[in-house]
Every structure is written in structure tokens, then in C-alpha cells.
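In the numbering used here, the protein residues as written are 41 to 855.
All residues carry an ideal CB built from backbone N, CA and C; glycine is no exception.
To keep things clear, I will list the structure first and then write my remarks on it.
Rendered as C-alpha cells:
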């Protein structure tokens with residue numbers, strides 16, 4: 041029987057806003073970054089305009105998952121005292137609810153799991169299963185995913201599909217038309233015939249598919265969102281491609297191309313469906329526009345808020361303690377050490393201040409305000425070393441000092457990469473795969489054993505890099521001294537370090553070191569684009585010490601005294617060791633201070649490792665053994681938890697260090713220096729709330745979602761991972777679906793969750809009207825606050841007040 045081709049004319053005139061409604065679906069998906077530049081992303085960023093409970097209901101309807109934990113999680117927290125009665129009562133007061141707490145406890149004991157079945161909205165869900173009961177929609181999802189994996193594969197596949205187009209949709213259409221078994225494999229009889237009549241332009245294909253589906257704008261928008269959630273991993277990758285392209289001068293429309301694929305499949309399924317299937321389909325899709333009733337999910341949100349209040353209770357206890365320790369109590373400040381705001385830095389800062397009371401530590405985004413990419417010698421592309429929200433306006437070019445030497449080094453590295461490329465080709469080649477393994481297998485086995493068993497050779501000190509030349513990313517012109525001073529001035533103002541400089545200033549970046557770990561970039565500095573912050577710290581110190589930059593800086597109102605010198609360092613978060621960089625540049629006048637700092641870091645590192653030992657299961661070891669075991673965890677190819685990264689992050693504080701110094705915040709709090717007295721117009725605070733706070737929100741909700749919705753926003757089991765496309769991402773087992781977020785082993789120790797899924801608490805030391813003014817001007821910030829994707833608080837004379845419904849709740853925390 042010959043099946044009809046796809047309809048080429050609208051069944052009825054398309055409404056004028058259908059394309060705009062469909063376009064609005066694309067930003068509903070959050071972007072992701074490649075493995076070697078991995079940064080945490082708020083997976084709900086595209087839904088921040090909705091209240092969090094409403095977004096949860098929307099995702100349950102269209103995606104079949106909830107962003108909350110099951111009732112049993114909160115029941116365990118209640119039984120164990122993690123949620124107290126006062127926490128529950130406060131959650132009820134916030135909602136202005138008169139419900140009986142005892143009734144809520146009884147409900148929690150009896151509550152069945154919240155229904156997250158979702159809406160069977162696709163016509164493909166009406167087809168009979170194939171492949172031993174596999175639903176047709178799952179088969180189609182996998183077919184789309186396999187096409188994406190082939191299209192985006194940069195260098196990994198041994199037998200690549202031919203790619204004559206740079207359009208994802210056209211690539212899929214051509215490969216689908218050429219698949220002789222498409223109908224049989226997918227269970228959609230006549231699909232290949234329908235696809236022959238589809239336009240090759242994605243916009244035209246979408247128009248034709250929309251005409252066939254005959255949906256109004258609202259339902260079409262819901263259908264598009266539903267389908268992108270069906271292939272959420274690859275949709276997120278496409279969104280990331282668009283995001284990164286749009287940060288620069290280019291452009292990209294990958295999500296639109298992917299949407300074209302999904303809608304063409306939906307229209308194809310409708311054309312090939314029987315009348316009975318079409319009737320069922322129309323009935324099912326009606327549910328897309330009807331959010332499920334709040335019901336049990338409302339009760340669960342109340343319990344979740346009580347869980348978060350329990351964390352805030354402990355946070356207030358730490359922040360509201362009597363302040364009896366500050367830098368001023370210990371005499372003149374001998375050192376100012378600037379760390380990344382990363383929660384792991386909180387532990388190191390606390391211990392450094394204890395062993396070196398004359399030190400004052402500060403927190404600042406780990407890229408140190410330098411929006412740059414780094415071009416190392418060799419054939420490799422520049423590496424972004426800045427947050428994903430920003431464009432790289434500058435480029436740091438490594439140089440040996442002369443063009444001739446640079447060319448010589450580049451030729452050597454080019455030849456080395458050619459050799460490595462030959463090995464990769466041999467490894468994946470169809471004829472040499474087995475012979476290569478037979479020939480080199482034992483050599484690789486010996487390397488694995490050697491690396492896992494060798495004893496540590498002392499603290500790792502990063503090799504001194506070549507000189508760097510800072511140029512504009514566009515055009516390549518070197519920066520003038522005034523431009524360099526402007527960069528440094530912006531950073532110093534952002535960290536509230538514009539006066540009263542100590543004789544020694546240290547800029548400490550951070551990074552981690554692990555082998556056999558595709559997710560390693562997630563342990564490095566998120567502010568540096570998933571890289572170590574050492575390069576940024578080194579450049580900041582060089583700018584700080586440059587006499588010409590200092591002279592230009594004084595003209596901008598910041599004078600660095602002649603007696604002040606800066607050093608750079610790298611904090612290894614795997615072992616909590618700190619290596620000072622380029623100490624050979626330190627003048628004789630500061631050598632004793634640098635040596636004292638190095639000794640202080642060594643002592644602080646010992647204390648930090650002792651604090652982390654329990655979470656890593658390394659209690660009872662001596663200091664030397666503990667360092668050795670932590671180093672070994674990074675080398676051990678079988679270790680799935682080399683460190684805990686940013687697990688259990690829960691808050692960020694924008695205030696002077698005096699507000700938090702001496703407080704044990706448990707490695708759970710981002711700390712950013714902010715002095716309201718140095719920010720009369722509020723511009724610094726506005727920059728902090730639109731950048732570092734948003735980055736902290738991204739990190740926080742990435743960990744949150746990896747715990748609460750691991751099947752969609754978590755990367756699954758590390759033991760089953762395979763890398764896709766070189767650095768695109770990972771898949772789990774035999775599934776071609778791209779897994780995003782954090783692996784299970786990064787948030788769970790095999791018995792307990794190591795990350796508590798709480799939304800970020802933001803605490804600011806600033807006047808209320810200054811904060812409210814920023815909320816009125818910055819829509820993204822206001823959305824996060826007003827829709828409770830984070831909680832905004834400020835220090836007051838009485839304690840801490842929380843902003844809610846346009847007012848400050850002064851009773852939040854009392855001194």
C-alpha cells in the first residue's frame with residue numbers, strides 16, 4: 041500500500057504568532073559545555089521566569105520528572121532530626137498557611153510517590169512497541185541521538201558518516217532517507233516515504249510539519265518543549281553550541297535545527313498513523329496545556345522548604361556568633377591572599393588565617409576579572425579561561441621571547457601532535473585495531489600499574505610557563521599600559537582591594553589533578569571555564585607588579601605602594617596543597633615573607649586535609665600517609681571519587697571578611713569580598729549579583745538537579761561511561777543519549793547522598809535600597825529571587841533579613 045506523502049499545504053491557516061511561540065521553546069533548554077571546558081549550569085535557567093513549584097509541575101507534565109526528592113527522603117530527614125518542628129512551622133509561616141504541622145507529619149508518613157508519569161503527548165506513543173517491547177518513541181529518540189553523536193563527533197569515530205552539510209537537520213534528513221531499514225527499525229511504516237517529500241531547509245520543514253500537525257500556538261509551544269525534553273542531553277548540547285557562538289561574532293541555530301527534526305518525526309508519525317491512533321493522539325495531546333494539579337507536590341514543596349530552612353538555621357548559627365577574631369586584633373596585616381570564591385577555598389582560608397593570624401584573606405571569582413582565552417604553544421585552539429556568561433575580549437599568547445623561538449617550539453609540538461594523531465588513527469582504524477592492541481597492550485598495562493602504584497615525589501609544583509603577551513582577541517593588537525591598568529583596576533575594585541595594601545599580596549587560583557576522569561574539568565575552576573586558575577593568577581600578579589601598569593593605575597585612583605609585591609599560587613583541591621609560582625621573580629626584600637607564606641600554607645594544608653579526611657574515608661592516617669593517599673586517589677584509574685568537588689554547596693556571602701572570619705562554614709559557602717563603603721553608587725554590587733551570584737546559582741542548581749532528577753540532569757554511573765566525540769560529553773552504557781550534569785559518584789558515596797539539595801542562600805552586607813534598585817534593573821536577578829530559585833538575604837543590625845514578596849523579613853535570624 042502506498043502511504044501519502046507529507047502534507048505540503050496548511051490544513052488551516054497558521055496563526056501569526058506560531059513561529060514566535062515555537063522559537064520561545066529554544067531558550068527553555070539550558071546550555072552545556074564540552075568535557076574539557078565543563079562548567080556547572082543551572083538546568084532550569086530557561087524556566088527562571090516561572091516560580092520553582094510551577095516549573096516543577098510543568099516538567100512533570102512535559103518531561104515526566106520532578107525536581108524534588110521523593111517523600112521518603114524528607115521522612116528520613118524528619119526522623120533523623122535534620123528537619124525540626126520549628127523548621128516546618130517557619131515553612132508554614134512563609135506560605136501563610138494554617139495547616140496543622142502534625143497533620144503534615146502524618147501525611148509524610150503515608151504519602152505515596154508523587155506522580156511524574158508525564159503526558160503521553162506524542163503520536164509515536166500510540167504505536168505498537170518494537171524490539172522486544174521497546175516503545176517506538178524511545179527508538180525514535182535513540183535514532184535522533186545517534187544522528188547527533190555522528191554529526192558532532194569532532195575526531196573520535198573510527199568509521200565516520202559522510203558529512204556534506206553543516207546543518208544538523210539536513211544531515212539527519214539525508215541519513216534517514218538513505219536508511220533502508222528505517223521503517224522496520226523504528227516501527228513507523230511509511231516513514232522513509234514521507235521524509236522524501238520534506239524540504240531540506242529546516243525553517244521550511246518546520247512550517248510544513250506544523251501545517252500537518254495543525255496545532256494552535258500554545259499547544260505547538262508545549263509540543264516543542266516536550267520533544268526537546270525527550271532528547272534533553274543533545275538539546276542541551278545544541279543550546280550550548282548556540283550560546284558559545286552568540287558570545288562571539290558568529291551565530292548558530294542548532295536547537296532550531298534539532299526542533300525541526302523532532303517536529304518532522306511527529307508529523308511523520310501522524311501521517312503514517314491509523315485513524316484509531318490519531319483519535320488517541322488528539323486526546324493525549326490535550327493534556328500538554330493542562331498542568332497537573334498541585335496536590336501532593338505542594339505538600340512536598342513545603343517539606344522541601346523546611347529542609348532548606350534546616351540548613352539556613354545552621355548557617356545563621358555560624359554567621360551570627362560573636363565576632364571575637366579579626367585581622368585588626370592581630371596587629372598590622374602582613375599578607376592579603378585572594379582566593380577563588382569556590383567553597384573549597386573556604387576551608388583553606390580558614391586554616392591559613394589560624395596558622396598565620398597576620399593574614400587577611402579575600403574572595404573573588406577565580407578568573408580574577410580577566411575575560412581572556414589562553415593560546416599556548418602548539419597546534420591547539422585557544423582555551424577559554426573565564427565564566428561561560430562572558431565573552432573573551434583578550435588573548436594571552438605564550439611566547440619564548442622571539443618569533444624564531446616561538447616557531448621552533450610550535451614546529452616541535454606540531455610534530456608531536458601529528459605522531460599522536462597517527463596513533464589515534466591506528467587505534468580506531470578498521471584494519472589495525474586488533475594488531476595495535478596486540479602490539480601495545482602490555483605497554484599500556486604497565487603504564488597503568490606504574491602510575492597507580494608509584495610513590496609520590498613530593499608536592500607538585502607546576503612548571504614555569506613561558507612569558508605571556510596580552511593582546512585583543514579581535515585584531516591581535518597588544519594592550520596599552522592604560523588598558524592593562526583598567527583591567528587590573530576593575531579586578532581590584534571588584535574584590536574591594538583598592539587601599540591599605542599589605543607588603544605581600546597573593547593571588548591563589550585553584551585546580552585539580554586526576555587521571556582517567558572525563559569529568560575532570562568539573563573539579564577545576566568554574567570561573568576559569570573548567571580550567572586551573574593558575575594562568576589567571578599568574579597574569580594578575582604580573583600586571584600588579586608591572587611598574588608601567590602601576591603608574592597608569594595611579595591615574596585611575598588606585599596607588600599600589602612601592603613596598604608591595606604580588607605572588608601567584610595554585611591551590612590543588614585534590615590534596616589541599618598550595619604551590620607558589622614564579623618565586624624566582626621575588627625581589628630580595630620580600631624573600632623572607634614569601635618563605636613564611638610557603639611555610640604557613642604547608643601547615644594550613646595539613647589542617648585542611650585532616651578536615652576532609654572523614655568525607656573521603658581516610659580517618660586514622662598520619663599526615664604523611666594522608667597526603668600520599670590523596671595523591672594516589674588522583675592517579676588511581678579505578679578511583680571514581682578522587683575528591684568531592686563542590687558537593688554540599690549551599691550559600692554565598694558578599695561581605696567583608698570580618699563578617700565571616702573565624703566561622704567554620706564547613707566548606708559549604710562561597711565567600712566573595714564586598715565592602716559597601718567602597719561602592720557608593722552600587723555598581724560593584726550590581727556586577728557581583730549579575731555575574732558571581734549567577735555563577736554560584738548555576739553551580740548550586742547543577743548539583744541540586746543531579747541529586748533530585750539524576751535520570752535527566754545527572755550523568756549516571758561513571759563505571760558505564762563512554763566519551764562521545766572527543767570532548768562532546770558522555771553516554772551511559774549502550775544508550776546514545778547524551779548524559780549531562782554530575783555523575784552519581786560525585787554526589788553519592790554509595791550509601792548516602794553527599795550533596796544536600798538546597799537552593800542557594802545569598803547573604804549581602806549592603807543597604808536594602810541598593811539591593812532593591814538592582815532587582816528593579818536586572819530582570820535575570822529579579823527572576824531568580826522572586827521565583828525562589830535562590831533566597832536573598834542581607835545583614836542588618838538585628839541579624840539577617842530575607843527578601844520575600846517585596847519586603848524584608850527582619851525575623852529571619854537574630855543576633
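Three-state class that DSSP yields for residue i in the structure shown
i           : result
residue 380 : strand
residue 209 : helix
residue 799 : coil
residue 724 : helix
residue 306 : helix
residue 126 : helix
residue 401 : strand
residue 351 : helix
residue 681 : coil
residue 571 : strand
residue 413 : strand
residue 565 : strand
residue 78  : coil
residue 156 : coil
residue 849 : strand
residue 343 : helix
residue 73  : coil
residue 338 : helix
residue 600 : coil
residue 804 : strand
residue 744 : helix
Rounded distance between the beta-carbons of residue j and residue i, thought under 8 Å
i           : j           : result
residue 392 : residue 640 : 6 Å
residue 95  : residue 87  : 4 Å
residue 1   : residue 78  : Because the chain in this structure spans residues 41 to 855, residue 1 falls outside the shown range and cannot be described.
Identified DSSP bridge partners for residue i
i           : result
residue 518 : 511
residue 709 : 691
residue 782 : 754
residue 248 : Answer is none; residue 248 lacks a bridge partner.
residue 321 : None, per the DSSP bridge assignment.
residue 762 : 771
residue 619 : 610
residue 788 : 793
residue 375 : 399 and 544
residue 423 : 414
residue 854 : 839
residue 174 : 170
residue 605 : 544
First through last residue of the beta strand (DSSP E) which encompasses residue i
i           : result
residue 270 : First-last for residue 270: 257-270, but that is the alpha helix (DSSP H), not the beta strand (DSSP E).
residue 830 : 830-835
residue 842 : 839-844
residue 438 : 434-439
residue 547 : 544-551
Best match in the options for proximity to residue i [C-alpha to C-alpha]
i           : options               : result
residue 623 : 678, 544, 594 and 724 : 544
residue 820 : 741, 779, 848 and 730 : 730
residue 302 : 268, 430 and 109      : 268
residue 747 : 824, 59 and 113       : 113
residue 124 : 676, 346 and 238      : 346
residue 337 : 359, 553, 144 and 807 : 144
residue 770 : 62, 68 and 73         : 73
residue 404 : 437, 766, 386 and 837 : 386
residue 388 : 253, 570, 615 and 518 : 615
residue 65  : 274, 77, 299 and 560  : 299
residue 686 : 333, 575, 781 and 343 : 781
residue 679 : 758, 445 and 171      : 758
residue 565 : 136, 128, 736 and 813 : 736
residue 411 : 523, 833 and 776      : 523
residue 562 : 451, 613 and 447      : 613
residue 233 : 309, 243, 665 and 170 : 309
Alpha helix (DSSP H) segment containing residue i, residue limits
i           : result
residue 814 : 808-817
residue 408 : First-last for residue 408: undefined, no H or E at that position.
residue 111 : 111-119
residue 641 : 631-656
residue 628 : Unbroken run through residue 628: none, as it is neither H nor E.
residue 142 : 141-150
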